[in-house]
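Structure first, then comments.
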Amino acid sequence: MELSRIRLIRNDVSVWLIYAGTGRRFFELFRDTRSVFLSLPGFDANDRVFESEELIRRHLHMSDAIGRYVRGATNTPPSRRPSAYNPYPYQTGSTEAKSFAAELGNVIRLFVDAKAGDLVMSPPYGHFDPFLIGEITHPWRKTDDTPIALLQGEIVPARKVRWLNTALARRDFPARVSRRLQNKHAITKLDPEYYEEIFSRVYPSYVWGEHSKLDVFGDDYRGKDPLQPYAAARLIKYVVASVFAYSIGEIESFQGMDLQQAIDHYYDEALVEEFAQNFNSPGRFSIIAALGSLSILASAGLMVATADPAQNFDQTKQEATDTVKNAMAGAGKAPREAELDDYINSMRPTNWREVQRQLGRPATNAMTLSLSERVQVANHRAQLDAR
C-alpha cells in the first residue's frame with residue numbers, strides 16, 4: 004500500500020502567508036529556487052546581522068538605496084558598506100518612517116521569527132490557482148542567498164523551503180480561513196485558530212500534539228455504486244478500533260473478540276473528532292481523532308490488514324513497521340517509533356489473518372486503497388487547470 008509522509012508537527016509551529024513580491028512577480032522563482040525571500044537587493048547579511056536590530060536597519064537602509072538604483076530612480080551607484088547608512092533614516096511618525104518600520108518587521112518575521120519546520124503559504128494571482136505550500140527546511144544560512152534576475156542579478160537573503168505536493172486553491176479552504184489567506188502585507192503570521200483547518204487540508208496524515216489525522220484513499224472509486232465504499236469503511240473502523248483498544252491497554256481483549264464485536268465494543272466515538280467521507284474522484288476517508296498515535300498506528304494496521312494472508316506474518320509486520328517509520332517526518336520520532344513497535348508486536352497472527360481475509364481483501368477488491376494523496380492531488384490539479 005502506497006504511503007505518504009506522516010508529518011510530526013511541532014506544538015509551537017507557525018504558519019506564514021508570504022506574498023511573492025508585487026503582482027506575485029517572484030512566484031515562479033519561489034517555486035523554482037525552492038525558497039522564499041523579500042525584495043531586498045544587496046541586503047548582504049552575515050551571521051551577526053539578524054542578531055541585531057540596528058544592523059538589520061542599516062542593511063535595510065542600504066538595500067532600499069540599492070533598490071532605487073536598480074529601478075533607475077537614481078543614476079549614482081550607492082555605497083555597499085552598511086556602516087555608511089543611518090539605522091533611523093526618517094523622521095519619527097513620517098510616512099517614510101512607517102514604511103521603513105513595516106519593511107523592518109517583514110525582515111524580522113522571515114529571517115528571525117520563522118523557524119525550520121514552519122509552514123509557508125504563497126498565494127497565486129488567481130482565485131482558482133493553487134498556492135505554493137511548503138515547510139521551511141533550515142534556519143537562515145548565508146549559503147542560501149539567491150541572485151534574482153528580476154532585480155538585475157542582485158543577491159537577496161532567502162529561506163529554503165520544501166514545497167509539498169498539494170493543489171489547494173483559496174476556494175478549497177473554509178470561508179473563514181480563505182478570508183485570512185489574503186491581505187496587503189508581504190509576510191503575515193496566521194492566527195493559530197486556523198491551523199487545524201489548514202493542516203487537515205495540507206497533510207494527508209499528521210500528528211500535532213494529541214491530535215492526529217489520517218486520510219485513506221480509494222483510487223478507483225467509480226461513483227456509481229452506493230455500497231462500493233462499505234467494505235473499506237468497515238476495515239478502517241476495525242483498524243481504528245484496534246488503535247483505541249491498544250491505547251487503553253486492552254488489545255488482547257480486542258483480539259479475542261469476533262471482528263464485528265471488536266468494532267462495536269472498542270470504536271470510541273468520543274475520540275473521533277471527524278470521520279468524513281469525500282467521494283469526489285478519488286474517494287477519500289478522513290479521520291481526525293483526539294489521539295496522537297492514530298495516524299501512525301492506523302497506517303501500520305491498514306498495511307497489515309490489506310497484506311496477502313499467504314505471506315509470512317512476521318515479514319508482513321516488518322514491512323509495515325519499516326514503511327511507516329520511513330514515512331514519519333519531524334521532531335519526536337523516537338517515542339512514536341517505540342509505540343509503533345509495541346502495537347505491531349501485539350498483533351496475533353491468527354486474528355490478523357482473519358482480518359486480512361474477511362476485511363482487507365473485500366475492501367481492496369471493492370476500492371484500491373492507498374495512504375498516498377498522489378492520485379487525488381493530480382486529479383484536483385487537473386480540475387483547477389481546466390477552469
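Add 3 to a position in the sequence shown, counting from 1, and you land on the number used in this note's numbering.
Backbone N, C-alpha and C fix where the C-beta goes; we use that ideal spot for every residue, glycine too.
Would you identify the three-state DSSP class for residue i, choosing helix, strand or coil?
i      : result
Tyr198 : helix
Met306 : helix
Met331 : strand
Leu41  : coil
Arg27  : helix
Lys192 : strand
Glu157 : strand
His141 : coil
Ile266 : helix
His214 : strand
Ser125 : strand
Pro150 : strand
Phe220 : strand
Arg165 : strand
Leu171 : coil
Thr184 : It is worth fixing the name first, because residue 184 is Leu in this sequence and not Thr. Leu184: coil per DSSP, three-state reduction.
Assuming residue i is part of the beta strand (DSSP E), what are its boundary residues?
i      : result
Glu277 : Val275 to Asn281
Tyr209 : Ser208 to Trp211
Arg13  : Arg13 -> no beta strand (DSSP E), and no H or E assigned at all.
Ile251 : No beta strand (DSSP E) contains Ile251, which DSSP labels as neither H nor E.
Excluding five sequence neighbours on each side, which residues of the same chain lie with their C-beta closer than 6 Å to the C-beta of residue i?
i      : result
Gly26  : none
Tyr22  : Ala189
Leu167 : Ile136 and Gly137
Pro85  : Arg61, His62 and Met65
Gly24  : Ser42
Glu200 : Pro177 and Val180
Ile12  : Tyr209 and Trp211
Ala2   : Given that the chain is displayed from residue 4 to residue 390, the structure contains no residue 2 and the question cannot be resolved.
Tyr206 : Arg10
Met124 : Leu20, Phe134 and Ile136
Ile158 : Asp148 and Pro150
Within 10 Å of its beta-carbon, does residue i have 16 or more other beta-carbons around it, so buried, or fewer, so exposed?
i      : result
Arg10  : buried
Asn109 : buried
Arg2   : Absent from the structure is residue 2, since the part of the chain shown begins at 4 and ends at 390.
Tyr128 : exposed
Leu343 : buried
Tyr91  : exposed
Thr431 : No answer is possible for residue 431: it lies beyond the span of the chain, which begins at 4 and ends at 390.
Arg339 : buried
Asp376 : Correcting the residue identity first, residue 376 is Glu in this sequence and not Asp. So Glu376 counts as buried.
Asp218 : buried
Thr95  : exposed
Pro160 : buried
Thr98  : exposed
Gly304 : buried
Pro126 : buried
Leu238 : buried
Asp15  : exposed
Glu106 : buried
Ser373 : buried
From which residue to which residue does the alpha helix (DSSP H) around residue i run?
i      : result
Tyr72  : Glu56 to Val73
Ser289 : Counting along the chain, Ser289 falls outside any alpha helix (DSSP H), though it belongs to the beta strand (DSSP E) covering Gly286 to Ala292.
Phe107 : It should be pointed out that residue 107 corresponds to Leu in this sequence rather than to Phe. That run of the alpha helix (DSSP H) goes Thr98 to Ile111.
Ile254 : Ile254 to Gln258
Leu230 : Segment: none, Leu230 is in no alpha helix (DSSP H) and carries neither H nor E.
His383 : Arg377 to Asp388
Taking 7 Å as the cut-off, does the CB of residue i come closer than this to any heavy atom belonging to the ligand ADP?
i     : result
Gly24 : For the ligand ADP, the structure offers nothing, since it holds no ligand at all.
CB-CB under 8 Å to residue i, same chain, minus the five flanking residues each way: which ones, in chain order?
i      : result
Gly156 : Pro150
Ser440 : Outside the shown range of the chain (4 to 390) lies residue 440, about which nothing can therefore be said.
Asn348 : Lys320
Arg71  : Thr77 and Pro81
Ala265 : Tyr241, Ala244, Ser245, Ala248, Phe257 and Gln258
Whose C-beta lies closer than 7 Å to the C-beta of residue i among residues of the same chain, with five residues either side of it excluded?
i      : result
Pro53  : The amino acid at residue 53 is misidentified as Pro; the sequence shows Phe. Within the same chain, Phe53 has close Cβ partners Ile59, Phe114, Val115 and Trp143.
Leu274 : Phe247, Ala292, Ala293 and Leu294
Arg204 : Leu171, Asp175 and Phe176
Ala323 : Ala303, Met306, Val307 and Ile347
Sequence ranges, alpha helix (DSSP H) only - wholly within the region 313-372, length at least 4: 316-330, 336-348, 352-358 and 364-369
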